[in-house]
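With the working numbering, letter number 124 in the sequence shown gets 125, and the count goes up by one each step, no holes.
Glycine residues also receive a C-beta, built at the ideal position from the N, C-alpha and C atoms.
Note that the coordinates shown come from a computational prediction; the quantities given were computed from them, not determined experimentally.
Shown next, in structure tokens, is the structure this report addresses.
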Amino acid sequence: MMRDQFNMQSLGKPLNIMVKEARILMVGAGGIGCELLMNLVLAGFGEIHIVDLDTIDLSNLNRQFLFRHEHIKKSKALVGFLFMAEFGYALMRNLQVAKDAAHKFNPKVKLEAHHANIKDSQFNVDWFKGFTMVFNALDNLEARRHVNKMCLAADIPLIESGTTGFNVQVQVIKKGKTACYDCTTKETPKSFPVCTIRSTPSQPIHCIVWGKSYLLSEVFGASEDESTEMDHSEDSENAKEIEKLRLESQALKKIKESMGTDAFPQLLFDKVFKDDIIRLRSMEDMWKSRRPPEALDYTTLNVEAGNDEAVKQAILKDDQRVWNLYENLVVFKDSSSGTIK
């Protein structure tokens with residue numbers, strides 16, 4: 002019996018050939034993506050590319066069935082393909098060759114993983130034009146809008162699916178025939194995913210919410226486990242960031258204990274502008290196509306900023322001017338002591 006006999010019966014020969022020859026792009030390898038990847042492979046699609054920037058966390062294992070405990074901290078895109086190869090679903094290019102016995106299951110399906118951001122410049126319109134169809138499996142509004150625009154520009158059909166909190170949406174999009182993702186107004190988010198504002202802020206509002214709804218309350222007030230401006234839902238990719246926040250809260254509590262001492266401004270500065278930045282820079286894949294943040298050294302900046310009271314008052318008085326780095330440090334130190342009082 003041919004392994005695609007049932008596809009032949011249900012789809013007919015012409016359509017089955019189209020499926021086998023198709024090049025599919027799948028964006029996202031999380032909760033939706035795991036199930037979608039398995040179904041695309043079993044459906045007999047000829048070649049599947051997957052793009053995902055995320056890595057696997059313990060909290061993913063209860064619902065993202067392609068992943069196991071030993072995969073924690075590894076790329077979702079790469080591990081998804083390795084899993085499929087191990088069970089005989091794929092012959093992988095650039096990653097590994099599946100075992101000879103596995104080839105018998107589906108030797109003609111090719112899979113390629115890209116541990117990257119779909120908004121990176123390498124994934125341009127010409128690259129999108131190389132695919133027969135695109136599938137979205139995202140929980141990020143901006144990424145969904147970006148893929149929608151790229152598919153319209155490339156004139157490639159898009160099966161748009163994704164999650165927003167506890168809601169799931171599916172939509173077929175074809176240029177000139179259906180409405181696109183942005184044809185209907187999307188409500189501006191009133192809360193922001195923790196994973197976005199903590200690790201990959203891209204808008205000023207992300208930094209404002211982070212400082213106002215988390216850092217300020219953790220250091221200068223009562224800790225708030227639930228803020229209306231921060232999406233703490235653990236059904237999404239927020240779960241791993243929330244766990245990191247709990248650990249981070251312990252570090253901030255130690256800094257809080259130094260409040261009122263001369264060491265307090267530097268301890269807080271080093272945590273936010275040095276230690277956290279070094280942690281982010283260690284995620285090398287995140288900075289392949291964007292400028293990485295620079296860690297700041299408090300001691301060096303403090304020497305340059307000086308401690309002249311008259312200079313400080315002049316800086317604070319002129320609050321409509323854009324401050325330079327050293328002036329910002331002066332304001333930071335004054336604000337730290339002022340907030341305590």
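| said: Helix, strand or coil, according to DSSP, for V323 in the structure here? | reply: coil
| query | Between the stretch 114-124 and the stretch 142-149, do three or more beta carbon pairs fall short of 8 Å? | reply | yes
| request: Can you grab the Cα-Cα spacing for the pair M27 / L153, in whole Å? | output: 16 Å
| said: Pull the bridge partners of E48 from the DSSP assignment, please. | reply: For E48, the beta-bridge partners assigned by DSSP are R24, K111.
| said: I'd like the ranges of any beta strand (DSSP E) spanning at least 3 consecutive residues and lying wholly in the stretch 145-170. | reply: 159-165
| request: Output the distance between the C-alpha atoms of L317 and I279, rounded to the nearest integer angstrom. | output: 30 Å
| query | So what does L139 bridge to, in DSSP terms? | reply | G163
| field | Status (buried if at least 16 other CB within 10 Å, exposed otherwise) for E22 | value | exposed
| said: Using the three-state DSSP reduction, which class does M260 fall into: helix, strand or coil? | reply: Annotated three-state conformation of M260 is coil, per DSSP.
| task | Using beta-carbon positions only, say whether K109 and G47 come within less than 8 Å of one another. | result | Yes, the Cβ-Cβ distance between K109 and G47 is below 8 Å.
| message | Once DSSP output is grouped into helix, strand and coil, what is the label at I119? | response | Note: I119 maps to coil in three-state DSSP.
| field | Start and end residues, alpha helix (DSSP H) containing G34 | value | Note, G34: alpha helix (DSSP H), 32-43.
| Taking N40 as the reference, which of V20, V52, D53 has the closest Cα? | V20
| task | Please name the residue in M134, G13, L12, P15 whose C-alpha comes closest to that of I25. | result | The shortest CA-to-CA distance from I25 to any of M134, G13, L12, P15 is the one to M134.
| query | What first and last residue would you give for the alpha helix (DSSP H) that runs through N308? | reply | Element bounds for N308: n/a, residue is neither H nor E.
| field | For Q204, three-class secondary structure by DSSP | value | coil
| said: Tell me the rounded alpha-carbon separation between N8 and Q204. | reply: 47 Å
| message | Tell me the rounded alpha-carbon separation between I256 and S200. | response | 21 Å
| Per DSSP, the bridge partner or partners of Q172 | E161
| query | Is the CB-CB distance between F274 and L297 below 8 Å? | reply | yes
| When L54, I33, S11, D5 are compared against L43, the one with the closest alpha-carbon | D5
| task | Determine the extent of the alpha helix (DSSP H) in which M9 is found, giving its start and end residues. | result | 6-12
| message | Classify L1: buried if its beta carbon has 16 or more other beta carbons within 10 angstroms, exposed otherwise. | response | This structure cannot settle anything about residue 1, because the visible part of the chain is limited to 2 through 342.
| said: Please return the same chain residues whose Cβ sits closer than 6 Å to the Cβ of E328, not counting the five positions on each side in sequence. | reply: I316
| Are the CB atoms of L330 and A306 nearer to each other than 8 Å? | yes
| field | Coarse secondary structure for P293, derived from DSSP in three states | value | coil
| message | If you measure between the beta carbons of G34 and A138, is that distance less than 8 Å? | response | Yes. Within cutoff.
| query | Whose C-alpha, out of V171, L38, P266, P158, is nearest the C-alpha of A114? | reply | Of the listed residues, the one whose Cα sits closest to A114 is L38.
| message | Determine whether the beta carbon atoms of F124 and I157 lie at a separation below 8 Å. | response | no
| query | What does DSSP give as the partner residues of M134 in its beta bridges? | reply | Note: M134 sits in a beta bridge opposite I25.
| For L159, which option in N141, F136, A264 has the closest C-alpha, if you only look at C-alpha atoms? | F136
| query | To which residues does DSSP link P15 through a beta bridge? | reply | Bridge partners of P15: none, in fact.
| said: Using only the alpha-carbon positions, how far apart do S214 and I51 sit? | reply: 35 Å
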